[in-house]
Each structure stands twice: as C-alpha cells, then as structure tokens.
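**Student:**
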Amino acid sequence: MNDLAVSFRPDWVSPPGDTILDLLEEKDWTQDELATRLGVSAKHVNQLIKGKASLSQEVALKLERVLGGTSAFWISREALYREQLARAQAKEKLAEWTTWLDCLPIKDLMASGALEKCRVVQKNKPGLVEQCLKFFGVASPDEWESHYSGMQVSFRRSREDQSDVAAISSWLRMGEIEAEQFSGPKYNKEKFERALTEIRGLTTASPADFEPRIRRLFAEAGVAFVLVPAIPRAHVSGVARWLNAHRPLIQMSLYGKTNDKFWFTLFHESAHILLHADEKKSVYLDDPSKQGSRDPKEIEANDWAGNFLVPDQYAAALGSLKTKDAVRDFARRIDIHPGIVVGRLQHDGLIDVSWMNDLKASFRFADADQS
Numbered sequence: 001m002n003d004l005a006v007s008f009r010p011d012w013v014s015p016p017g018d019t020i021l022d023l024l025e026e027k028d029w030t031q032d033e034l035a036t037r038l039g040v041s042a043k044h045v046n047q048l049i050k051g052k053a054s055l056s057q058e059v060a061l062k063l064e065r066v067l068g069g070t071s072a073f074w075i076s077r078e079a080l081y082r083e084q085l086a087r088a089q090a091k092e093k094l095a096e097w098t099t100w101l102d103c104l105p106i107k108d109l110m111a112s113g114a115l116e117k118c119r120v121v122q123k124n125k126p127g128l129v130e131q132c133l134k135f136f137g138v139a140s141p142d143e144w145e146s147h148y149s150g151m152q153v154s155f156r157r158s159r160e161d162q163s164d165v166a167a168i169s170s171w172l173r174m175g176e177i178e179a180e181q182f183s184g185p186k187y188n189k190e191k192f193e194r195a196l197t198e199i200r201g202l203t204t205a206s207p208a209d210f211e212p213r214i215r216r217l218f219a220e221a222g223v224a225f226v227l228v229p230a231i232p233r234a235h236v237s238g239v240a241r242w243l244n245a246h247r248p249l250i251q252m253s254l255y256g257k258t259n260d261k262f263w264f265t266l267f268h269e270s271a272h273i274l275l276h277a278d279e280k281k282s283v284y285l286d287d288p289s290k291q292g293s294r295d296p297k298e299i300e301a302n303d304w305a306g307n308f309l310v311p312d313q314y315a316a317a318l319g320s321l322k323t324k325d326a327v328r329d330f331a332r333r334i335d336i337h338p339g340i341v342v343g344r345l346q347h348d349g350l351i352d353v354s355w356m357n358d359l360k361a362s363f364r365f366a367d368a369d370q371s
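Start counting the sequence shown at 1; every next residue gets the next number (my numbering).
1) Rounded C-beta distance between Y148 and V165? I'm assuming under 8 Å.
2) Strictly by DSSP, which residues pair up with L101?
3) Let's test the definition: count the other Cβ atoms within 10 Å of the Cβ of T203 and tell me whether it reaches 16, buried, or not, exposed.
4) For E26 and R77, what's the separation of their Cα atoms in angstroms?
5) Suppose you measure from the CA of I231 to the CA of A219; what does that come to, to the nearest Å?
6) Rounded C-beta distance between G222 and N188? I'm assuming under 8 Å.
7) Return yes when the Cβ of A240 is within less than 7 Å of the Cβ of A167, no when it is not.
8) Which residue from A114, L243, T98 and S237 puts its Cα closest to that of A224?
9) For I49, is the classification buried or exposed, using 16 other Cβ atoms within 10 angstroms of its Cβ as the cut-off for buried?
10) DSSP beta-bridge partners for M252?
11) For H272, count the other beta carbons within 10 Å of its own beta carbon; 16 or more makes it buried, fewer makes it exposed. Which is it?
12) Pull up the DSSP beta-bridge partners for D164, would you.
13) In terms of residue numbering, what span does the alpha helix (DSSP H) encompassing L109 cover?
14) Less than 7 Å between the beta carbons of V327 and V310, yes or no?
15) Quick one: grab the DSSP three-state call for L61.
16) Under DSSP, the beta strand (DSSP E) around V283 begins and ends at which residues?
17) Please classify S362: does DSSP put it in a helix, a strand, or coil?
18) Since V375 is in the alpha helix (DSSP H), which residue starts that stretch and which ends it?
19) Would D32 be called buried (16 or more neighbouring beta carbons within 10 Å of its own) or exposed?
20) Count the other CB atoms, across all protein chains shown, that sit within 10 Å of the CB of G39; report buried if there are 16 or more and exposed otherwise.
21) How would you call A60, buried or exposed, if buried means at least 16 neighbouring beta carbons within 10 angstroms?
22) Taking just the CA atoms, how far does F264 sit from E145?
23) Let me know if D3 comes out buried or exposed under the rule of 16 or more other beta-carbons within 10 Å of its beta-carbon.
24) Which class does A233 belong to by DSSP, given the choice of helix, strand or coil?
25) From which residue to which residue does the alpha helix (DSSP H) around H246 run?
26) In three-state terms, what does DSSP make of T30?
27) State the Cα-Cα distance for the pair V228 and A331, rounded to the nearest angstrom.
28) Pull up the distance between the alpha-carbon of R9 and that of E180, whole angstroms please.
29) Tell me which residues share the same chain as I199 and place their Cβ nearer than 7 Å to its Cβ, disregarding the 5 neighbours each side in the sequence.
30) Just how far apart, CA to CA, sit D278 and H246?
31) Roughly how many angstroms lie between the CA atoms of E116 and E143, to the nearest whole one?
32) Rounded to a whole number of angstroms, what is the C-alpha to C-alpha distance between S112 and G339?
Structure, rendered in structure tokens:
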C-alpha cells in the first residue's frame with residue numbers, strides 16, 4: 001500500500017473513493033462496515049466514494065488505521081483528484097474562451113517564438129488559449145481585458161492608429177518577459193546621462209559592437225534595454241516605460257531598420273526616461289517614422305533627441321549640406337554616422353526623402369526584428 005503513494009499518478013479524473021472501493025472488495029466489506037470501523041456515517045462514506053465529500057486529514061488518519069497505507073497517501077490521493085477535477089473544469093472553460101483568440105496577433109506571437117507554432121484550427125484552440133493566458137500572466141480573458149484595457153489610460157501615443165490594444169499589449173508583454181531577466185542596480189540618472197554620451201559615440205560602429213555595449217552601459221545605469229520583434233498591427237517601434245519605481249525599460253524593434261531611425265528612436269526613448277521620470281505610470285508608444293504628434297512630451301523628446309545627435313551649435317550648417325561629400329565631412333566633424341545626418345536633413349525638409357539614402361546603413365540584430 002505504501003508503494004501506491006509513490007507510483008499513483010493517474011491521467012483520468014478518479015476520486016479516492018475508487019481506491020476505497022477496491023480495498024473494500026479485497027476485504028469483502030460493505031460500506032456500512034467501513035463506516036462503523038471509521039466512526040463516521042454511512043452517508044459520509046458513500047459521499048467519499050463518489051467524490052462528493054472532501055477527504056479530510058482526520059479521515060485520512062482513520063483510513064490509515066483501518067485500510068492501511070499512510071495518511072499522506074490518502075491526502076495526496078485527494079489532492080490529486082481535486083487537481084484533476086479542476087483541470088477538467090478548466091479545460092471546458094478554455095473551449096469556451098476560444099473566441100478571445102480572434103483579437104490576438106497569434107501568428108505574430110508564433111513567429112516571434114512567444115507561442116508554440118501550430119495550426120489555428122478548432123481542436124488546437126483550447127491549447128492556444130492556455131498558452132496565451134500563461135504568456136500574458138493572467139487567469140482568464142476577463143483578467144486580460146481588465147489589466148490591458150485598463151493600461152490604455154497610461155498610453156501616450158505618437159500616432160492615431162496605435163489603437164490595437166491586443167497587438168500593443170502583446171509587444172509590451174514580450175518586452176516585460178525579457179526584462180524580467182534583468183538584475184542590475186536601481187536607476188541612476190547621472191550614470192544614465194554619462195552612458196548616453198558614450199553611446200552617442202557608437203553610431204559609426206557595427207551592431208555587433210554597439211548592441212552589447214548599449215546593454216552594458218544601460219544596465220550599469222539601472223535601465224533595462226530589450227530588442228523585441230515588431231508586431232505590425234501595433235505600429236510601435238519603441239517604448240519607454242517604468243516597470244516599477246526604480247526600473248525604467250527602453251524597448252525597441254528594428255521596424256524600419258535604417259540606422260537613422262534606430263538611433264533617433266533610442267535617444268527619443270532615453271529622453272522620456274530622463275525628462276519625464278515624474279510620470280512613471282505613462283507608457284510612451286513611439287514610431288518616429290510617423291511625425292505630427294501634438295503631445296508636448298513627445299515634442300520635447302523629439303527635440304532633445306534631435307539636438308543630442310546634432311547639437312544646436314552645428315544645426316545652422318545643415319542647410320548648406322547639398323552633396324554626399326559635404327554630409328560625410330559634417331558627420332566626421334560632429335562624430336556621428338552620415339546616415340543620421342541624412343535622416344535629419346530629410347526630416348527638416350532640407351532635402352527630398354529620396355536623396356542620399358545610400359549613406360544610411362541598414363542592419364538587423366540576432367534574435368531581434370526580422371520582419
């Protein structure tokens with residue numbers, strides 16, 4: 001009987017009463033006789049056998065004396081049954097919740113590795129629902145709706161079509177999960193400012209060189225930095241937010257992929273951390289490829305990033321840069337990549353958006369946005 005406590009792991013919903021019945025048959029006892037020996041009512045024994053009554057610690061000790069085995073076995077048997085029962089009921093709920101999948105970017109989450117790949121057919125949908133609940137860290141679609149719809153009040157959008165909450169929340173959650181691995185010190189503003197100055201000097205380096213250095217410098221300042229594959233329906237390429245009072249997060253995709261957009265986004269998000277730390281509940285959703293936001297904080301972050309890359313004392317010379325050689329010379333003088341200068345010229349309307357794009361660099365990071 002003691003061996004049963006170790007080996008009993010059924011994959012069906014079976015109450016402890018099934019084991020009690022087997023032992024009664026072995027002993028050729030009736031339920032009434034067992035009730036007499038246990039000192040409980042016959043009705044209670046019948047309810048135990050049918051799984052309608054929970055098996056208490058007191059009854060487990062009595063079963064140990066009367067039928068053998070240990071009380072630990074009987075309690076384990078009861079707990080396993082209740083777990084199986086709960087899982088069976090949960091499975092029914094998962095089947096009822098499959099319509100929730102229609103609003104989620106399932107294929108994008110599969111492509112990113114956040115969900116296991118499978119065909120989105122009816123028989124697989126309950127399992128997908130369970131995967132999504134675990135991914136978002138919620139118990140049901142109701143809790144997802146409550147948490148992420150509630151989060152919308154914190155969104156500071158840079159464009160009007162950032163309205164797909166399911167896509168946005170999926171992308172944000174991917175960043176949260178990666179940021180959970182972060183174990184750096186608390187945020188230090190002075191160290192962050194020094195890190196940004198050093199990082200500005202990396203714009204001419206290759207991604208293989210500057211990406212790990214950005215992570216290290218940010219981490220030393222207490223800032224989590226993650227690169228997460230883009231989810232197109234989110235229309236977000238960068239976000240600045242605070243995960244808690246001491247941990248800011250800068251999350252980016254490589255949506256756009258040219259280096260002028262990457263560096264501008266990086267410093268734009270950094271500006272939100274530096275300048276707007278008094279609003280730690282705000283979630284700044286940014287896509288620098290789309291301009292025109294009237295949010296004062298977005299305008300402030302844009303100005304800070306632009307001036308940090310091309311300082312004010314050099315801005316007056318931008319209008320004279322009409323050739324690629326002139327752009328290259330200017331970029332060398334202020335120690336940034338010429339592609340960033342081209343991006344600034346295009347943004348300011350000093351050259352057409354189709355000019356000098358061959359001076360920009362396109363890159364992608366391992367384990368990052370490949371779309």
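By construction, the Cβ of each residue, glycine as well, lies at the ideal position given by its N, Cα and C atoms.
**Tutor:** Here's the rundown:
1) 6 Å
2) Note: L101 sits in no beta bridge, so no partner.
3) buried
4) 19 Å
5) 25 Å
6) 5 Å
7) no
8) L243
9) buried
10) L227 and G238
11) buried
12) Paired residue(s): none; D164 is not in a bridge.
13) I106 to S112
14) no
15) helix
16) V283 to D286
17) strand
18) Outside the shown range of the chain (1 to 371) lies residue 375, about which nothing can therefore be said.
19) exposed
20) exposed
21) buried
22) 33 Å
23) Residue placement at D3 is flagged as unreliable, the pLDDT there being 43, under the threshold of 50; a coordinate-derived value is accordingly withheld.
24) Correcting the residue type first, residue 233 is Arg in the shown sequence and not Ala. The answer is helix: DSSP assigns R233 an H, G or I state.
25) Segment: none, H246 is in no alpha helix (DSSP H) and carries neither H nor E.
26) coil
27) 29 Å
28) For R9, the predicted model reports a pLDDT of 46, less than 50, meaning its position is unreliable; a value from the coordinates is still stated below. Each residue's alpha carbon lies about 34 Å from the other.
29) I214 and L217
30) 12 Å
31) 22 Å
32) 29 Å
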